[in-house]
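A.B. asks: Taken in sequence, the protein lines are chains A and B.
The opening residue of the first sequence carries number 46 in our numbering; numbering runs sequentially from there.
The opening residue of the second sequence carries number -4 in our numbering; numbering runs sequentially from there.
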Amino acid sequence: MSDLDAFRADVRAWLEANCPPEMREPVRDEGDVCWGGRKWVFKNGAQKAWLEACVAKGYTVPDWPKPYGGAGLSPEETKILRQEMKRINARSPLDSFGIWMLGPALLQFGTEEQKVHYLNQIARGEIRWCQGYSEPGSGSDLVSLQTFGEDRGDHWVVNGSKIWTSYADKADWIFCLVRTDKANKYQGITFMLFDMESKGVTTKPILLISGNSPFCETFFDDVEVPKTQFVGQVNRGWDVAKYLLGHEREMISGGGAGGDMVSIGGAFAKTFGKNAAGELDDPILRAEMAAFDVDVFAYRAMGERFMDMWKTGRAHPASSNMMKYVGTELNKRRHELVMAGGGSEALEWDSEESKGGARARTWLRTKANSIEGGTSEVMLNVIAKRILDLPGA
Amino acid sequence: MPLYHNDDQTMLKDSVAPFVAEQAPVSHLRQLRDSADATGFSRELWAQFTKMGLPGMLVPEAHGGLGMGHIEAGIVLEEIGRNLTPSPFLSTGVGAVAALAKAGGTQAERWLPAIAGGEAIIALAIDEGAKHRPDRIATSATRAGNGFRLDGKKSFVLHGHVADMSIVAAKTDGGITLFAVPKDAKGLTADPRRLVDSSLASHVTLDGVEVDADAVIGEVDAGGDILDALLAATRTGAAAEMVGVGQGAMDMTVTYLKERKQFGKLIGEFQGLQHRAAHLYGEMEVARATVMKAQQLLDEGSEGAKLMVSVAKAKAGRAANLAVREGVQMHGGIGMTDEYDIGLYMKRDRALAEYMGDVHYHIDQVARMNGY
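#1: Could you tell me which residues DSSP puts in a beta bridge with residue 135 of chain B?
#2: Return helix, strand or coil for residue 431 of chain A, following the three-state DSSP convention.
#3: Taking residue 186 of chain B as the query, report the chain A residues whose CB atoms sit under 9 Å from its CB, ordered along the chain.
#4: Using the beta-carbon of each residue, which ones in chain A are nearer than 9 Å to residue 202 of chain B?
#5: Measuring CA to CA, which of A:389, A:135, A:109 is closest to residue 72 of chain A?
#6: Tell me where the beta strand (DSSP E) around residue 364 of chain A begins and ends.
#7: Quick one: what's got a C-beta closer than 7 Å to residue 404 of chain A's C-beta in the same chain, skipping five residues either side?
#8: What is the residue span of the beta strand (DSSP E) that residue 202 of chain A lies within?
#9: If you reduce the DSSP assignment to three classes, tell me which class residue 279 of chain B lands in.
#10: So what does DSSP say about residue 99 of chain A, is it helix, strand or coil?
#11: Would you verify that the beta carbon of residue 236 of chain B is, or is not, closer than 8 Å to some beta carbon of chain A?
#12: Are the CB atoms of residue 120 of chain A and residue 356 of chain A nearer to each other than 8 Å?
#13: Pull up the distance between the alpha-carbon of residue 221 of chain A and that of residue 94 of chain A, whole angstroms please.
#14: Suppose you measure from the CA of residue 353 of chain A to the CA of residue 108 of chain A; what does that come to, to the nearest Å?
#15: Using C-beta distances below 8 Å, list every residue in its chain close to residue 4 of chain B, excluding the 5 sequence neighbours before and after it, in chain order.
#16: Are any of the Cβ atoms in chain B nearer than 8 Å to that of residue 431 of chain A?
#17: Between which two residues does the beta strand (DSSP E) containing residue 48 of chain B stretch?
#18: Where residue 94 of chain B and residue 144 of chain B are concerned, what is the direct C-alpha to C-alpha distance, given to the nearest angstrom?
#19: Bridge partners of residue 351 of chain B, per DSSP?
#20: Counting beta carbon pairs with one atom in the segment 156 to 168 of chain B and one in the segment 119 to 128 of chain B, are three or more of them shorter than 8 Å?
#21: Nearest CA to the CA of residue 318 of chain A: which residue from B:40, B:366, B:43, B:104?
#22: Considering only residues of the segment 95 to 177 of chain A, which uninterrupted alpha helix (DSSP H) runs meet the minimum length of 4 residues and lie entirely inside it, listed in chain order?
#23: By Cβ distance below 8 Å, which residues in the same chain neighbour residue 301 of chain B in space, the five residues on each side in sequence not counted?
#24: Roughly how many angstroms separate the alpha carbons of residue 359 of chain B and residue 236 of chain B, rounded to a whole number?
#25: Where does residue 106 of chain B land, buried or exposed, given buried means 16+ other C-beta within 10 angstroms?
#26: Is it the case that the Cβ atoms of residue 175 of chain B and residue 241 of chain B are separated by a distance below 8 Å?
#27: For the putative contact between residue 318 of chain B and residue 85 of chain B, defined by C-beta atoms under 8 Å, what is the C-beta separation to the nearest angstrom?
#28: For residue 218 of chain A versus residue 239 of chain A, is the C-beta distance shorter than 8 Å?
#29: Apart from the five residues just before and just after residue 77 of chain A, which ones in its own chain have a Cβ nearer than 6 Å to its Cβ?
#30: Looking at the unbroken beta strand (DSSP E) that takes in residue 359 of chain A, where does it start and where does it end?
#31: Between residue 365 of chain B and chain A, is there a C-beta pair that is closer than 8 Å?
#32: Using a Cβ cut-off of 7 Å, which residues of the segment 243 to 274 of chain B contact any Cβ in chain A, in chain order?
#33: Closest by CA to residue 250 of chain A, which one among A:272, A:242, A:437, A:262?
#34: Is the CB-CB distance between residue 108 of chain B and residue 154 of chain B below 8 Å?
#35: Nearest to residue 439 of chain A by alpha carbon, out of B:291, B:332, B:307, B:18?
#36: Give me whichever residues DSSP pairs with residue 177 of chain B in a beta bridge.
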């Protein structure tokens, strides 16, 4: 038996012993996704036990080094762990922007002290982070951001506002892009870290077309940030931000960009019935769904190839932009078909049968997929410039 | 197994790519076309392929081949696609080998070493009408004397007029049976037609063709699985070739965007074209990954291979089609001229798209395999 086979056997046995049955059920509502943090209330004992078991093993962040709370797994081992978790439908023990975004930035740019301190907090689910990037006047053109940190010797005084801060009202700390030099566009931004309970921080949820409020506006009114709390170098936060955006796209690419990566057609046979030949009894919709399924299965192969190449340094550094573009457009298409498949039932907004309008709300939510984290148009710009090397892009 | 080429496969690509580009670039296709070549490919080039061991790549080592897999064959096919090289590699070295190796027995022993040695060209006589419908084979094989009598018509038989042997799918009492029909069989006629891409495909007539019992590939009535193996290999191969066609067209087009000036600017500076080129890049990358996944599943003998093969043929079909259409459009007027190569890519893509099931056929298959 090879080392990897032995590892797989160990993982399988460990999961069998440690993943509670409740944590192998599909996620039903938001409370089923564990985000951790100071304000987190575990939905049940199983959720808590599963998190604690994974924390002890380093499996909330399996590929991070052990001193920072990870398990120090190789890319191959990490892939095996994910496969084995998927095999038993194990839920993710902990989801967070700390794991997906800040962590990778700290691993790349943080001091040793910062890594030990912040990464362990993230790995243990102790601190929930949010991201302060976009501003009301700075969306796709992020580098035009205006939130300003005035130098007061040993600290900055930050004023301004951020928008689209995911779960800012539930987060403990924020990683935030703040202008520290007004004369220098790209080299005048610092990547700061501070407590959301700091004096002068307020948040206001934004009501979306889905009827939900996963995002906030966040206001900074003379917020004092000690000059020890930044990543990388002062005025060079754009380097960190760019790296992190790449990582965000990678994360979206490797995980959720394509949404639920399963066949869509079979699910609607109940609504439409099947004809004598066993075909979904709406030939045009069947054809559209089947064409969509081809793209889903194709994208699944792309995701596997992308991750295999990315983890081993073979991928083009900008290829995550392609993954994000293709995957998010695919997921929007899926939910158009889900709505078409559901017919008038899928229009219901708050009935019990519709699970509180889950289909309609999810359909609306997916429209943001190709806006957040860089719009599809920005992705295409990046591909044109960095991969195809087209002129003047 | 990771979904990228390993070191050996990369080495293979590094030797095959320059070989095909030097020995059989697009000008080679033009030369055959303009001389009204009656064979459909260059036998000299096939001899060179043989020196490199390419016809026998998929042939098991016990039969004198290299015992490689579909990933490796796909590397060769992608280069054939990129250079629009006329070659019997797909039908002979991939489709026929897959069927014979799956079946084993007399015909495998007879033909596999000959294929590996570059001595045999094999044609695949499957289709019977304008569209690929392998589940509706009407060609019949009835028992006669020591063997069978074959009657029917086959179409879109690439290399049918020069093949040393044709694999003929026919209906027998209890199912489908595949037959190895030698070129000199009485009652067998092949009427070659020049196709849009300058290749030659035959209408084959089987008029009371008598074959011995040992002409059966595998077992009587049990040809379904062997036909499936043939189809899976050929479809995946055609998909790999389409990735090459699409990539070749895309590379040529992106280069053109960096050279052509209008309104005082390189046309590649216009966002309208940039976004379309970037979208095409994504589609081509997805198609490439999909084809590689299908190749990998076939090599592993995985149950999921069948679904992925249809996904690959459909996805590669869509992506390559986009590449050649955008290619002609972005080249503008010169894209419509015979002098420029981009139009030749469009023609080859059309023929490959139709071969062994088009996009629509395979989309339908994907629906069926998913229970709707």
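By construction, the Cβ of each residue, glycine as well, lies at the ideal position given by its N, Cα and C atoms.
C.D. replies: Answer, in terms of the structure:
#1: Stepping through the second sequence from its first residue, residue 135 of chain B is reached at position 140. Its beta-bridge partners are B:146, B:166.
#2: As a first step, residue 431 of chain A must be located in the first sequence, where it is residue number 386. Correct three-state label for residue 431 of chain A: helix.
#3: Working through the second sequence from its first residue, we reach residue 186 of chain B at position 191. By Cβ distance, chain A contributes nothing, its closest Cβ being about 35 Å from residue 186 of chain B, past 9 Å.
#4: The residue given as residue 202 of chain B occupies position 207 in the second sequence. Chain A residues near residue 202 of chain B: none, gap ~34 Å exceeds 9 Å.
#5: What you label residue 72 of chain A is simply residue 27 of the first sequence in a count that begins at 1. It is A:135.
#6: Here residue 364 of chain A refers to the residue found at position 319 of the first sequence. Careful: residue 364 of chain A lies outside any beta strand (DSSP E), inside the alpha helix (DSSP H) at 364 to 387.
#7: Locating residue 404 of chain A in the first sequence gives position 359, counting from the first residue. Closer than 7 Å at the Cβ level, and outside the excluded window around residue 404 of chain A, lie 383, 384, 387, 391.
#8: Indexing the first sequence from 1 puts residue 202 of chain A at position 157. From DSSP, the beta strand (DSSP E) with residue 202 of chain A extends over 200 to 211.
#9: For the purposes of this step, residue 279 of chain B is taken as the residue at position 284 of the second sequence. Helix, per DSSP.
#10: In the first sequence, the residue the question calls residue 99 of chain A occupies position 54. The answer is helix: DSSP assigns residue 99 of chain A an H, G or I state.
#11: As a working mapping, residue 236 of chain B is identified with position 241 in the second sequence. No, because no Cβ of chain A sits closer than 8 Å to the Cβ of residue 236 of chain B.
#12: Residue 120 of chain A sits at position 75 when you count from the first residue of the first sequence. Residue 356 of chain A sits at position 311 when you count from the first residue of the first sequence. Taking 8 Å as the Cβ cut-off, residue 120 of chain A and residue 356 of chain A qualify as a contacting pair.
#13: On the first sequence, residue 221 of chain A is found 176 positions in, with the first residue counted as 1. On the first sequence, residue 94 of chain A is found 49 positions in, with the first residue counted as 1. Residue 221 of chain A and residue 94 of chain A: Cα-Cα distance of roughly 32 Å.
#14: As a position in the first sequence, residue 353 of chain A is number 308, starting the count at 1. As a position in the first sequence, residue 108 of chain A is number 63, starting the count at 1. Looking at the two C-alpha atoms, the distance is approximately 14 Å.
#15: Working through the second sequence from its first residue, we reach residue 4 of chain B at position 9. Within the same chain, residue 4 of chain B has close Cβ partners 66, 67, 70.
#16: Along the first sequence, one-based indexing puts residue 431 of chain A at 386. Residue 431 of chain A does not count as touching chain B.
#17: Locating residue 48 of chain B in the second sequence gives position 53, where the first residue counts as 1. From DSSP, residue 48 of chain B is part of no beta strand (DSSP E); its letter is neither H nor E.
#18: Along the second sequence, one-based indexing puts residue 94 of chain B at 99. Along the second sequence, one-based indexing puts residue 144 of chain B at 149. Looking at the two C-alpha atoms, the distance is approximately 21 Å.
#19: The count along the second sequence starts at 1 and reaches residue 351 of chain B at position 356. According to DSSP, which records beta bridges pairwise, residue 351 of chain B is partnered with nothing at all.
#20: yes
#21: Walking along the first sequence from the start, residue 318 of chain A turns up at place 273. When each option's Cα is compared against that of residue 318 of chain A, the closest is B:366.
#22: 120 to 132, 148 to 154, 165 to 168
#23: In the second sequence, residue 301 of chain B corresponds to position 306, counting from 1. These residues qualify, in order along the chain: 223, 227, 364.
#24: Position 364 of the second sequence holds residue 359 of chain B. Position 241 of the second sequence holds residue 236 of chain B. So the alpha carbons of these two residues sit roughly 22 Å apart.
#25: Within the second sequence, numbered from 1, the residue matching residue 106 of chain B stands at position 111. Residue 106 of chain B is buried by the Cβ-count criterion.
#26: For the purposes of this step, residue 175 of chain B is taken as residue 180 along the second sequence, with counting starting at 1. For the purposes of this step, residue 241 of chain B is taken as residue 246 along the second sequence, with counting starting at 1. No; because the gap between Cβ atoms is not below 8 Å, this pair is not in contact.
#27: Along the second sequence, read from residue 1 onward, the residue named residue 318 of chain B stands at position 323. Along the second sequence, read from residue 1 onward, the residue named residue 85 of chain B stands at position 90. Between residue 85 of chain B and residue 318 of chain B the Cβ distance is about 19 Å, and since that is not below 8 Å, they are no contact.
#28: Along the first sequence, read from residue 1 onward, the residue named residue 218 of chain A stands at position 173. Along the first sequence, read from residue 1 onward, the residue named residue 239 of chain A stands at position 194. Closer than 8 Å, so yes.
#29: Translated into the one-based positions of the first sequence, residue 77 of chain A becomes position 32. Contacts found: none.
#30: For the purposes of this step, residue 359 of chain A is taken as residue 314 along the first sequence, with counting starting at 1. That residue, residue 359 of chain A, is in no beta strand (DSSP E); it is neither H nor E in DSSP.
#31: Your numbering for residue 365 of chain B matches position 370 in the second sequence. So, interface residue.
#32: 249, 252, 253, 261, 263, 264, 269, 270, 272, 273, 274
#33: Position 205 of the first sequence, counted from the start, is the residue given in the question as residue 250 of chain A. Here the closest residue by C-alpha is A:262.
#34: Taking the first residue of the second sequence as position 1, residue 108 of chain B is located at position 113. Taking the first residue of the second sequence as position 1, residue 154 of chain B is located at position 159. No, the pair does not count as a contact, with Cβ atoms beyond the cut-off.
#35: Nothing in the structure corresponds to residue 439 of chain A, since chain A is present only between 46 and 438.
#36: Position 182 of the second sequence, counted from the start, is the residue given in the question as residue 177 of chain B. Beta-bridge pairing links residue 177 of chain B to B:160.
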